[in-house]
Structure formats: structure tokens, C-alpha cells
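J.: So in UniProt numbering, spot 267 of the sequence shown is number 267, and the numbers just go up one at a time.
Note that beta-carbon positions come from the ideal geometry of N, C-alpha and C, so glycine has one too.
Just so it is clear, the structure is predicted and the values come from calculations on it, not from any experiment.
First, the structure itself, so that you have it in front of you.
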Amino acid sequence: MEEHWADIEEEEEEELVIDEYDWSNLPDHACWYCGNNDERTVVKCISDNCNKWFCNSYGGNKAGSHIIAHLVKARHKAVSMHPETTLGDTSIECYVCASRNVFLLGFVPSRSENTLIFLCREPCAMRNVISEKEWDISAWHPLIEEKRFLPWIVSVPSEEEDKKARKLSIKEITKIEEDIKRGLQPAEAPAVQENIKKIKLHYNSPKEYLEIYDKLVKLEAEYDRDIKRSQRKTDISLRWDRSDRRPSAIFIFTKEDSDIRLVPGDEMKLTLDSANWEGIGTITRISDFEEIVVQITSCSAPPPSQTSGYTVEFVWKATTFKRMITGLELFSKRQITQYIMQIILGKPAQAPMIRVKLPRDLSAPNLPPLNHYQVEAVKKALSAPFMMIQGPPGTGKTVTSATIVYHMAMQKTGQVLVTAPSNIAVDQLTEKLHKCGLKVVRLCAKSREAISSSIDFLTLHQQVRELDVGEFLPLKVLQDKKDKQLNISSEEENEYRRLRNKAEQFLLSKAEVICCTCSGSFDPRLKTFLFTQVLIDEATQATEPECLLPILTGATQVIMVGDHCQLGPVVMCKKAASAGYNRSLFERLVHLGNRPFRLHIQYRMHPAISEFPSNTFYEGSLQNGVSISDRQISGLDFPWPVPSKPVFFYNTIGPEEVSASGTSYLNRTETSNVEKIVTQFMRSGIQAHQLGIITPYEGQRAFITAYMQSFGSLGPSHYRDIEISSVDSFQGREKDIIILSCVRSNENLGIGFLNDSRRLNVALTRARYGLVICGNAKILAKQELWNNLLNHYNDNGMLVEGPLNNLKQCLLRLSPPQKLTFETEAPYMDNLASLGIFAAPSETQGFLDNL
């Protein structure tokens, strides 16, 4: 039986030991990775005084040539050539702005002479800042292609030289870079002894569970801390908004499509050395154009009038990670019911009986009536000590969850705790519960109290502000004074905190339902509360230690709602992800053979949009709760290839390019086509807020955003309300019209993120009325799932190419579709009956994994 469960991304796991290599005798210009010393093939990294040489050879892996792999791993971007290369001893930089970011640089040929210049893609080439009479801007071409410098710039080692060179795996390259950061040469570096264990399907004891997850949580914490601290920026210009009770700094914070997660609620520190001033604030808003608003919450003095010369950096907080580690320790001490403990460990357990009297009509007040499947889900959830509900896209998962919580609250057996890993999901469910007439309190993290939302009046901090009765009257006076002055005397501060804490406990004790994030369930303000009934929404987007927290608040009845056929938790650290930390508890239980109850009727998508996802990801089980006529936009004049089916794949042949960070991709041809499609929709009567543009790559998202503002045919203001986002961040949301940009277009490097079938499922199911996909059909068709999608579109006349006003069916010859199966692993199928609430499936439960 396979004990470990996590996939290995690139190669088999093994103890990593850097081969013995004599670095002391390396020639001056030899590649730091492989020792190649052909002077025509090497490039020197000059970022941050690195001054190390690397060659333009792939060296046995597909992480890119050695120089590109180094630049990406080290986050370096500037290089200089060897005198023996074509360009001679020179540093490559933009002819106009002198940018040295090689990931941005390309060349432009002269129209009249046999010469060329280097020009950056953004802003110089994009904005045509040089004479088009003299230089052919349309012929701009990047210096890096398929993760290596163009051979005419830096030669590629011959096959014979390549055979002689030392071959390195991606892991070995990563290890060398880590040693470089520590100042060690690879020959001096000790062997890796990281002892990181993969997650398992089942565990022998809570102690074993703790040992595995404790290290993974700490790995993710360290990565999150390091990436946040690396984003320090100097010489920032800003403007001050002093119209609110607390001043806000507004400025551009360009993150160069890095993997940093910038979200409202993050804290930042602003420093102005010339005025000896510093302040800490919370991000309250982020625009698509990288302009952020930081509301100052504490500062050394009133903000200065100066608007330039500021230093901005993240304030990293370990709160969430510390709570998860505390939760794991409590779990190891068995601070949980025996039955739920056995379920989490993956062991057989006998379910205790829950007797509950249910009304004949289970629909909750002011919510849509339930369909048959939703009724069954509510019944099963209310009578089971542990229940999993699968909600495919548009199947009314939030309404079902709200109805379950409503009936739990009506039982009057205690307060109900409702959680989700994301604040957006918590807010949506909070709003639904309020509509039911329940007394609900939304508990926000302190750092998010400055962020406004449609449910402000339900938040604990807002209810505290409005509490002006009896002993809490002085609290309102102190709060007003604190808002106006930012700082109050220490005596007043102590009294303010005492009264606020008392008010918070008073309001929380009166609530029937308390809503917060999974991490928020360990907020100190809930320390004295015991929640026997817990519902976890979007459970498939939470890591196991995160999902564990609300369960550890005293739960005897747990309902998890999610969809393991969509994207799982976001884990930034690749080491932790490869060990399985990016898999949810919900997903692991499905792998064990536990079959969640599935909702089957979707109310979001036009039937033509839902057909392929239903057949491919849900065994054809999704039924349409909306008709074709329900999903037609009256008066829309758009050239759909098949008028009755508002879906098509627009074949786009244009090369992908490495983005400015070196870690992402963009496609300029697709971007241009996306703009044309968006403009056509808007000219046909669609409003900007009805449109969503999604892409798997942050580099493409940033490029589309900039392109729309610079080259949108209707003018910048018309495109500002269009949401341009990554596929991952759009999960759980919808728009009337979705345009998907696939980006990848190469012969040798594969399709990256597009390989993830769950990401494709999310991308295909966001649209209500219409879906357009832009991509290179020839490249994508090499992957089986995409091949099936393209065959489906082709059979229905929806695989097209040509100008928008004259679309014609694409003549690409596709291989026949494959019969795809997404099977779960179920090593404990014989024990399922003893779980009490699960039944062994009669056929394999449909499941998507990253094949």
C-alpha cells in the first residue's frame, strides 16, 4: 500500500548530495553550475555585485539555460557579455531608459541600416518612444526565447561540449543557489538533511500528524516572511488623503508580477528618513493598476506634508502560522472528540447518532427555495456528526450552507461557528445568514477593521462603535477622541481597551452565529467560547492545519463544504507544496474513499458553457437549472460562430515571452486579441463591470492591464471597471462574460499551469452568459484534457480563427479525444461502512488531480 500521497513535481525524491567537484581550479570565466568555460557561451551576472559566470546551456534540465536559471533563482536581472561574444564586453541595457532587466529587453532592427538597438518591452517599446521611421518597432523581439538567450547573442555549447559539462538537476541548482546566498561554494556545502516528510493518507497517531504538519507550517511561514521582507521599496512618491478620520497614503507599489500575495488587510510600514517619521498602516484598497491605499493606524507623529522619498515595506506577522502550530499541538493532545479524531487520522470509526426534528419545509426565510439535492444535503448534514458536501460551480453551495446553519441555530443548542479560509467567502455567507433573520456577528482580524464591505454593520468592531447604551457610553467618547487624535493618553488607552473588550464579549455572547476565517476561530476574543456545531465553507481551499482550527473549538458536529474538483489551498513554498501541504483535509478524505454528498443542479452557466465541465469533471451529473433563454443577453450583437452557443476557442498563434520578473509569462499577440474582443463586446452593449478577463499567469494579467490603458480603442476610462485577474483568485466568483487568455505557446517547454485540470475547471465555469478562450490550439492539443476540450469545440463549430468580423472554423487536425478518468485512491475501502456517515461508492467518484 502506498503510504505517502503527495505528488512529486519534477523528479523522484531522493537524498540530495551535490557531486564532488573541484571548484578551486575553475577558469575565471567558467559557468558556476557546470564548469563550462567556452568564452562564447558564458554571461556574467552583475546584479547585487554577484559577478558570477553562467553558460547558455540547458545542462540536462528544463529550468532554462544556466544563466536564466540563476537569474530566476537569485532574483537577479542584469548581465554583461564576455569580450568573445558577438556583442563584446558590454552590459545589455535599454537604448532609451537604460533599464538592465534582461527579462524586459528585446531588440529592434533599423529600417535603413544593418543595425539594431536594445529596447525594453515596457514602457519604451509599448509606447513607441523612438522614431518609427528609423526603427521597426513592430519587429521588436525578446532577447530570451524558451528560457535561454538567443544564440546569436550568447552561443549555445555544442553537443560535444554539452556532453562534457556537468549535468545538474533542478534541485541541485536550487541547492547551489542557497549555498551562494550563504557565501559557500558548492564544494564546501554540506549535504541536505532537511528531513521533510510527506503528508499521508492516514496516520498512526496524533503525534505523527503533528510531526509532519508542524514542519510544513514552519516552511510556509519562513517562505512567506522572506518573500514579504524582500519587497522593500525606496524613493516612493505618494499623496495623502486626510478626508477620513485616519489619514491614508496612496501610491503605486509595483510588484513586477512576483509571487507575492498583496491583499487588503496586509500591514505596511512607511518611513521618511528626512523627517524622522514612520507610520504603520493597513492596505484598505488595491486597484488593478497597482495603486494601493494604506490607512495609517499608528505613527510617530502626524504624517508630514512631503510626498516623495518614502521607504515602504511589509510588516510580516506570524499570527496565522502560530495559531496553526497551536492547533496542531492541541490535536496531538487529543483536544477533540474521539470520533472526529479518528476521521482526521484516516481510521475507521463508528458514528454516534444525532436525533434531530426537522420541519417539513427546510428552506430558510428570505433565501431561495431548495431543490431536491439541496434538501437532501441539509437533512444529512443536520443528522450527521461529520459531513462533506461537494458543491460544483453554480450549484447553490452558499445557500445550502446558510440553510444548514439556520436550522442549527434554530435548535438552540448553542452558538454556531461558521468559517472559511478566505474573507470573501466568510462575508458572503454572513450576508446570507443575516437575511435569514439570525443574530450574526462577523469577527474580523484587527488588521482588517479599516476595510469597508457591504456587511460592515454586522462586523464586531462596527457594532462596538455603535454601542452607546449604559456602561458603554464612555467607550464611544474615547473612540471618537482616538479617531481624531490617533494617540490618546495611557490612562485613556487602558480604559478604552477595558471597555472595548467588555463590549466585544457582550456582543459575541448575544450572537446566535459567529462568522470568521478559519484562523480567526483561534482569535483571543473567542477563547472562552465553546462551539459544538461548526460549518467550514470552501473547505477545499484550506490547508489541513488551517481547517483543523475551527474543529478544535469544541466541535461535536462538523460540516465541510467545498469542491475538490476545483483549486485547492494556495501554498507559496514549493518544498511544502511538494510534500503535500497544498492538499486539503477534504481532498485527503476523498482520496481515502469517502464520498461527499454532491449538489447536482447548476444555476450559473449557459448550458453550452456547462456541458464540457459537467461531462469531464462531474461524470455528466450536472443538471442545468437555467435554460438557453434564461442565459441570452437581449440585443447583444456579437459574432458568435454558433449563435445558439455563446462559446468559442479563438486560435491565436503568437509566441509566449518571459515576464519582467523572470518567473511568469505573457503573450502579446493574445493580449492584442483580448483587447479586440473586449472592445467588440462593449460596442455591442456589454458594460465593463459585466466583463472578466482571466489568465493563469500574473505576467499576462499585468501586461493586459497596462495594454488596455495604453491601447484600448475606446480610451482608458472605458476599461477601468473591467476585472482583470488570475484564474486562481477568481475561484468562487462569476461574471456575465469571461475571456480566458491561455498564454503558453512554445514547442519545447510545455504548458505549465495549464496542465492542472482543476485550474481548467475553474476557468471554464466562471461565465454566466458567454465564454471566449484565446490560445494556441496546436500547442494545447498536445495535452489530453485540452485535446478533448478542443475536439468538443471543433465538433460544435466553436474552434475558430481569423478576424472577429469573419471568424472561420480552424482547420487544425486534432487527434481523437481520449477517455479520461480521474480516479480517487481508496486504500481503506473495506472500512468505509464503519465510518457511519459515508457509503462505499458504487462507481469511482469523479476526481481531478494534477495529471
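At what residues does the alpha helix (DSSP H) containing I325 begin and finish?
T.: Position 325 of the sequence shown, counting from 1, holds the residue named residue 325. I325 -> alpha helix (DSSP H) spans 319-332.
J.: Are there 16 or more other CB atoms within 10 angstroms of the CB of V43, so buried, or fewer, so exposed?
T.: As a first step, residue 43 is located in the sequence shown; it is residue number 43 there, counting from the start. Answer is buried; the Cβ neighbour count reaches 16.
J.: Counting Cβ pairs, one atom from each stretch, are 3 or more of them under 8 Å apart for the region 425-445 and the region 501-515?
T.: Segments in contact, yes.
J.: Report yes if the C-beta distance between L429 and V418 is below 7 Å; otherwise report no.
T.: Residue 429 sits at position 429 when you count from the first residue of the sequence shown. Residue 418 sits at position 418 when you count from the first residue of the sequence shown. Contact flag set, yes.
J.: With a threshold of 16 other CB atoms inside 10 Å of the CB of R111, please say whether the residue is buried or exposed.
T.: Residue 111 sits at position 111 when you count from the first residue of the sequence shown. Per the 10 Å Cβ criterion, exposed.
J.: Excluding five sequence neighbours on each side, which residues of the same chain lie with their C-beta closer than 7 Å to the C-beta of Y213?
T.: For the purposes of this step, residue 213 is taken as residue 213 along the sequence shown, with counting starting at 1. Answer for Y213: L328, E544, P545, listed in chain order.
J.: Any chance you could list the beta strand (DSSP E) runs of at least 3 consecutive residues sitting entirely within the region 42-67, in chain order?
T.: For the region 42-67, whole beta strand (DSSP E) runs of length 3 or above, ordered along the chain, are 42-45, 52-55.
J.: Under the rule that 16 or more other beta-carbon atoms within 10 Å means buried, what is A608, buried or exposed?
T.: Here residue 608 refers to the residue found at position 608 when the sequence shown is read from its first residue. Looking at its Cβ environment, which holds 16 or more other Cβ atoms inside 10 Å, A608 is buried.
J.: Would you say M560 and F597 are within 7 Å of each other, going by their C-beta atoms?
T.: Taking the sequence shown and counting its residues from 1, one reaches residue 560 at position 560. Taking the sequence shown and counting its residues from 1, one reaches residue 597 at position 597. Against a cut-off of 7 Å, the Cβ pair of F597 and M560 comes out as no contact.
J.: Would you mind reading off the limits of the beta strand (DSSP E) that contains A425?
T.: Against the sequence shown, residue 425 aligns to sequence position 425. That residue, A425, is in no beta strand (DSSP E); its alpha helix (DSSP H) goes 423-435.
J.: For the alpha helix (DSSP H) holding D214, just list the boundary residues, first then last.
T.: Counting from 1 along the sequence shown, the entry for residue 214 is found at position 214. Looking at the DSSP string, the run of the alpha helix (DSSP H) that includes D214 is 206-229.
J.: Residue range of the alpha helix (DSSP H) that T115 falls in?
T.: Counted from its first residue, the sequence shown places residue 115 at position 115. Per DSSP, T115 belongs to no alpha helix (DSSP H) and is neither H nor E.
J.: Can you list, in chain order, the residues of its chain whose CB lies under 6 Å from that of R100, leaving out five sequence neighbours each side?
T.: What you label residue 100 is simply residue 100 of the sequence shown in a count that begins at 1. Once the five neighbours on either side are set aside, the close Cβ partners of R100 are A78, E93.
J.: Quick one: is W786 buried, meaning 16 or more other Cβ sit within 10 Å of its Cβ, or exposed?
T.: The residue given as residue 786 occupies position 786 in the sequence shown. Under this definition W786 is a buried residue.
J.: Identify whether F638 lies in helix, strand or coil by the three-state DSSP scheme.
T.: For the purposes of this step, residue 638 is taken as residue 638 along the sequence shown, with counting starting at 1. F638 falls in the coil class under three-state DSSP.
J.: Short check: CB of C565 to CB of A542, under 7 Å?
T.: Residue numbering aside, residue 565 sits at position 565 when the sequence shown is read from its first letter. Residue numbering aside, residue 542 sits at position 542 when the sequence shown is read from its first letter. Against a cut-off of 7 Å, the Cβ pair of A542 and C565 comes out as no contact.
J.: Return the residue from the list S664, Y769, T284, G662 that minimises the CA-CA distance to S634.
T.: By one-based count along the sequence shown, residue 634 stands at place 634. For S634, the nearest C-alpha among the options comes from Y769.
J.: Three or more beta-carbon pairs under 8 Å between the region 272-290 and the region 443-452, yes or no?
T.: Taking 8 Å as the limit for Cβ pairs, the verdict is that the region 443-452 does touch the region 272-290.
J.: Return yes when at least one heavy atom of the ligand ADP lies under 6 Å from the C-beta of R355, else no.
T.: Of ligands this structure carries none, so the ligand ADP is not represented either.
J.: From K735 to G692, what distance separates their C-alpha atoms?
T.: One-based indexing of the sequence shown puts residue 735 at position 735. One-based indexing of the sequence shown puts residue 692 at position 692. So the two alpha carbons sit approximately 6 Å from each other.
J.: Do you know whose CA, among P151, P646, Q731, G699, lies nearest A425's CA?
T.: Locating residue 425 in the sequence shown gives position 425, where the first residue counts as 1. Considering only alpha carbons, the answer is Q731.
J.: In terms of alpha-carbon separation, which member of L552, G554, G568 lies closest to A539?
T.: What you label residue 539 is simply residue 539 of the sequence shown in a count that begins at 1. Considering only alpha carbons, the answer is G568.
J.: What residue range is occupied by the uninterrupted alpha helix (DSSP H) comprising T284?
T.: By one-based count along the sequence shown, residue 284 stands at place 284. No alpha helix (DSSP H) holds T284; the beta strand (DSSP E) holding it covers 277-286.
J.: Which same chain residues, not among the five before or five after L804, have their C-beta less than 8 Å away from its C-beta?
T.: Taking the sequence shown and counting its residues from 1, the one referred to as residue 804 is at position 804. Hits under 8 Å: P639, K676, I677, Q680.
J.: Inspect the beta-carbon positions of D483 and R245 and report whether they are closer than 7 Å.
T.: Numbered from its first residue, the sequence shown carries residue 483 at position 483. Numbered from its first residue, the sequence shown carries residue 245 at position 245. For D483 and R245, yes; Cβs fall inside 7 Å.
J.: In three-state DSSP terms, what is S155?
T.: Working through the sequence shown from its first residue, we reach residue 155 at position 155. Coil at S155, not helix or strand.
J.: Going by alpha carbons, who is nearest to K233 out of R239, E211, L216, K269?
T.: In the sequence shown, counting from the first residue as 1, residue 233 sits at position 233. Looking at the Cα atoms, K269 is the closest of the given residues.
J.: Give the DSSP-derived three-state secondary structure of T85 in the structure shown.
T.: If you number the sequence shown from 1, residue 85 lands on position 85. Three-state result, T85: coil.
J.: In angstroms, rounded to a whole number, what distance separates the CA positions of I46 and S80?
T.: The residue labelled residue 46 in the question sits at position 46 within the sequence shown. The residue labelled residue 80 in the question sits at position 80 within the sequence shown. Looking at the two C-alpha atoms, the distance is approximately 7 Å.
J.: Judging by CA-CA distance, which residue of L104, L216, S169, K52 is the nearest neighbour of A576?
T.: Translated into the one-based positions of the sequence shown, residue 576 becomes position 576. Cα-wise, what sits closest to A576 is L216.
J.: Tell me, which residues are paired with M353 by DSSP?
T.: In the sequence shown, counting from the first residue as 1, residue 353 sits at position 353. Answer by DSSP bridge pairing: none, since M353 is not bridged.
J.: Any idea if N276 is buried or exposed, counting beta-carbon neighbours within 10 angstroms, 16 or more meaning buried?
T.: Within the sequence shown, the letter at position 276 stands for residue 276. When all chains shown are included, N276 counts as exposed.
J.: Taking the continuous beta strand (DSSP E) assigned at Y310, which residues delimit it?
T.: Walking along the sequence shown from the start, residue 310 turns up at place 310. Here the beta strand (DSSP E) through Y310 covers 310-315.
J.: Put M341 into one of helix, strand or coil per three-state DSSP.
T.: Your numbering for residue 341 matches position 341 in the sequence shown. Reduced to three states, the DSSP call for M341 is helix.
J.: In angstroms, rounded to a whole number, what distance separates the CA positions of Q700 and Q690?
T.: Taking the first residue of the sequence shown as position 1, residue 700 is located at position 700. Taking the first residue of the sequence shown as position 1, residue 690 is located at position 690. About 21 Å.
J.: What's the gap between the Cα of D630 and the Cα of I551?
T.: Residue mapping note: residue 630 aligns to position 630 of the sequence shown, counting from 1. Residue mapping note: residue 551 aligns to position 551 of the sequence shown, counting from 1. Those two C-alpha atoms are separated by around 41 Å.
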